[in-house]
Amino acid sequence: MRTRQRWPILVAATLLVAACGQESETPDVDQNAVATTSCASSGELTMWERSGGNKAMVDMLVEAWNTKNPDCKIKLTYIPHTEMVGKIAQGIASGEVPDLMGMDLIYAPQFEKAQQLVDLTDRIKDWPELKTASKGHMTVATFEDRLYGVPLYADVSALFYNKDLFQRAGLDPNKPPTSLPELRAYADKITALGGDVKGYYLPGNCAGCNIFTVGPLMWASGAKIEAANKGDEPLVGDGVKQVLQFTRDMVKAGNVHDGDRAENGETFHLQFGSGKVGMMGTGNFNITLAREQNPKMNFGVALLPGMTAGSSASFIGGDLVVVPKGSKRVADAVNVMKFLLSDDVQVEVYAKALNLTTRSDMVNNKYFQAEPLVQDVAKALEVGRTPYTLTFFEQINSPQGPWLKMLQRAYYSDDSLDTIISDAKKEMKAIADQS
Numbered sequence: 001m002r003t004r005q006r007w008p009i010l011v012a013a014t015l016l017v018a019a020c021g022q023e024s025e026t027p028d029v030d031q032n033a034v035a036t037t038s039c040a041s042s043g044e045l046t047m048w049e050r051s052g053g054n055k056a057m058v059d060m061l062v063e064a065w066n067t068k069n070p071d072c073k074i075k076l077t078y079i080p081h082t083e084m085v086g087k088i089a090q091g092i093a094s095g096e097v098p099d100l101m102g103m104d105l106i107y108a109p110q111f112e113k114a115q116q117l118v119d120l121t122d123r124i125k126d127w128p129e130l131k132t133a134s135k136g137h138m139t140v141a142t143f144e145d146r147l148y149g150v151p152l153y154a155d156v157s158a159l160f161y162n163k164d165l166f167q168r169a170g171l172d173p174n175k176p177p178t179s180l181p182e183l184r185a186y187a188d189k190i191t192a193l194g195g196d197v198k199g200y201y202l203p204g205n206c207a208g209c210n211i212f213t214v215g216p217l218m219w220a221s222g223a224k225i226e227a228a229n230k231g232d233e234p235l236v237g238d239g240v241k242q243v244l245q246f247t248r249d250m251v252k253a254g255n256v257h258d259g260d261r262a263e264n265g266e267t268f269h270l271q272f273g274s275g276k277v278g279m280m281g282t283g284n285f286n287i288t289l290a291r292e293q294n295p296k297m298n299f300g301v302a303l304l305p306g307m308t309a310g311s312s313a314s315f316i317g318g319d320l321v322v323v324p325k326g327s328k329r330v331a332d333a334v335n336v337m338k339f340l341l342s343d344d345v346q347v348e349v350y351a352k353a354l355n356l357t358t359r360s361d362m363v364n365n366k367y368f369q370a371e372p373l374v375q376d377v378a379k380a381l382e383v384g385r386t387p388y389t390l391t392f393f394e395q396i397n398s399p400q401g402p403w404l405k406m407l408q409r410a411y412y413s414d415d416s417l418d419t420i421i422s423d424a425k426k427e428m429k430a431i432a433d434q435s
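Going by UniProt numbering, the residue at position 317 of the sequence shown is 317; the numbering climbs one at a time, nothing skipped.
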């Protein structure tokens, strides 16, 4: 999950309500037609994708489809990320929609509930590829047991650790921490090296960075974070308080840089590659970035741990490929999905470019075997999850929302953690109850 700010769902919901009042027919072929990885009909396909995502990966996927299918090439248009949700909603309301589109997966439930995506269940439910498709993607691609999309690309969070600093601190560079108490002990030793080196990194002013990296620490510790819908209880489980105590202790022990407090996501992706951070929750994208920044740095990737040794979790972000209501090329859009999930594309496009495959059974391939760090980070797909709520922005990702307020109070104040959690719980629940 990238760390940019997201367009408020509340505004988009207004557009969706208007869109729901307009029925649009979807001309199509036989629903029982067998999907292939080729054209169902001829003529150019239109596809929208948001800017700020994994553009390089999407470009490669479209190029691969176009090379194989010259009679129905995809014309890909990038929409500014901050405009994407509104443009989709407006397009559905007016009938001016692309044939298929990439959608930030966190917003899918909103559109599914509003019945503004084509229900693909009868077309794709029996695909064997879906059995190993990214669980986080498929969770948000499902609404009331109906399927609306498949993974386009994946971002997952993991624990990156600097093996050079491990060695200097007397730690085994091949044994990353497997629990939060162990992580704390390792961080203490790395910080003790002195200079400008710190054992850990906590982004102090970025809601998205924290759900991506601190959220999994809570999940791995048995906690539940968001309220899924009206009446649901957020911030449930001992793991919430345990992780907040862990992060508070890390800050008070001096295991994070003072400047981390101002991190709003703009430089989050550059922190690990600086070589001054012993351990950090970040994403698969940081493998390439860290190597570009610091070619001589030796580092490893492990799963983000919980309080108990051996527990782990990850945030699965990225995009789905879906079909907006009103698309006149549903069968072709479905064939594109089949193409994306095919063995050949998973290996020869995703893996060859050292991007995560979106099927877990495709991880053991020749390209990842030559790049073990990608194989390590791919393990996060097995323990990953994606929050499922119609109010993700308001509860979690808003810079003024209750999630970030709670974390900042835990990190930087001496307020009672019970009070902090109680305050956040009330606000998150109220937001969900109003949805």
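C-beta atoms are modelled at their ideal positions from N, C-alpha and C, and glycine is treated no differently.
Report yes if the C-beta distance between residue i and residue j is below 9 Å; otherwise report no.
i, j, result
"residue 360", "residue 132", "yes"
"residue 106", "residue 392", "yes"
"residue 320", "residue 148", "yes"
"residue 298", "residue 203", "no"
"residue 236", "residue 281", "no"
"residue 444", "residue 314", "The structure shown does not extend to residue 444, since the chain is modelled only from 1 to 435, so the question has no answer here."
"residue 111", "residue 79", "no"
"residue 169", "residue 193", "yes"
"residue 274", "residue 294", "yes"
"residue 351", "residue 366", "yes"
"residue 154", "residue 134", "yes"
"residue 302", "residue 161", "yes"
"residue 378", "residue 41", "no"
"residue 70", "residue 389", "no"
"residue 211", "residue 54", "no"
"residue 307", "residue 216", "no"
"residue 136", "residue 386", "yes"
"residue 119", "residue 146", "yes"
"residue 325", "residue 167", "no"
"residue 344", "residue 276", "no"
Residue range of the beta strand (DSSP E) that residue i falls in?
i, result
"residue 156", "149-162"
"residue 313", "312-322"
"residue 461", "Residue coverage of the chain in this structure runs from 1 to 435, which leaves residue 461 outside it and unanswerable."
"residue 102", "100-104"
Helix, strand or coil, according to DSSP, for residue i in the structure here?
i, result
"residue 421", "helix"
"residue 188", "helix"
"residue 82", "helix"
"residue 281", "strand"
"residue 330", "helix"
"residue 182", "helix"
"residue 309", "coil"
"residue 267", "coil"
"residue 68", "helix"
"residue 301", "strand"
"residue 88", "helix"
"residue 13", "Since pLDDT at residue 13 reaches only 46, below the 50 mark, its modelled position is unreliable, and the value read off the structure follows with that caveat. Reduced to three states, the DSSP call for residue 13 is helix."
"residue 24", "Note on residue 24: pLDDT 42, under 50, position unreliable in the model; the coordinate value appears next. If DSSP states are grouped into helix, strand and coil, residue 24 belongs with coil."
"residue 56", "helix"
"residue 224", "strand"
"residue 430", "helix"
"residue 133", "strand"
"residue 357", "coil"
"residue 341", "helix"
"residue 391", "coil"
In chain order, what residues of the same chain lie with their CB nearer than 8 Å to the CB of residue i, ignoring the 5 residues before and after it?
i, result
"residue 244", "406, 407, 410, 417, 420, 421"
"residue 68", "37, 38, 339"
"residue 65", "73, 74, 336, 339"
Would you check whether the ligand ADP has a heavy atom nearer than 8 Å to the C-beta of residue i?
i, result
"residue 328", "In the structure shown, the ligand ADP is absent, as is every other ligand, since no ligand is present at all."
Sorted by chain position, which residues of the same chain lie with C-beta nearer than 7 Å to residue i's C-beta, five sequence neighbours on each side aside?
i, result
"residue 129", "341, 359"
"residue 402", "395, 424, 427, 428"
"residue 333", "99, 100, 323, 327"
"residue 247", "202, 214, 410, 411"
"residue 232", "432"
"residue 289", "269, 273"
"residue 230", "432, 433, 435"
"residue 25", "Per-residue confidence for residue 25 stands at a pLDDT of 43, beneath the threshold of 50, marking its modelled position as unreliable; the derived number appears in the next sentence. Nothing meets the Cβ criterion."
If you follow the alpha helix (DSSP H) that residue i is part of, which residue opens it and which one closes it?
i, result
"residue 386", "Counting along the chain, residue 386 falls outside any alpha helix (DSSP H), and DSSP gives it neither H nor E."
"residue 237", "Residue 237 -> no alpha helix (DSSP H), and no H or E assigned at all."
"residue 371", "Careful: residue 371 lies outside any alpha helix (DSSP H) and carries neither H nor E."
"residue 409", "402-412"
"residue 220", "215-220"
"residue 124", "121-124"
"residue 109", "108-113"
"residue 291", "286-293"
Return no unless some Cβ of chain D is closer than 9 Å to the Cβ of residue i.
i, result
"residue 79", "Considering every chain present, this structure includes no chain D. It has just one protein chain."
Which same chain residues end up closer than 6 Å to residue i when comparing Cβ atoms and leaving out the 5 residues on each side of it in sequence?
i, result
"residue 62", "74, 76"
"residue 223", "237, 239, 240"
"residue 199", "187, 190, 191, 255, 278"
"residue 91", "97"
"residue 287", "373"
Q | Segment contact flag, the segment 365-382 with the segment 169-178, C-beta cutoff 8 Å, min 3 pairs | A | At 8 Å Cβ cutoff, the stretches do not touch.
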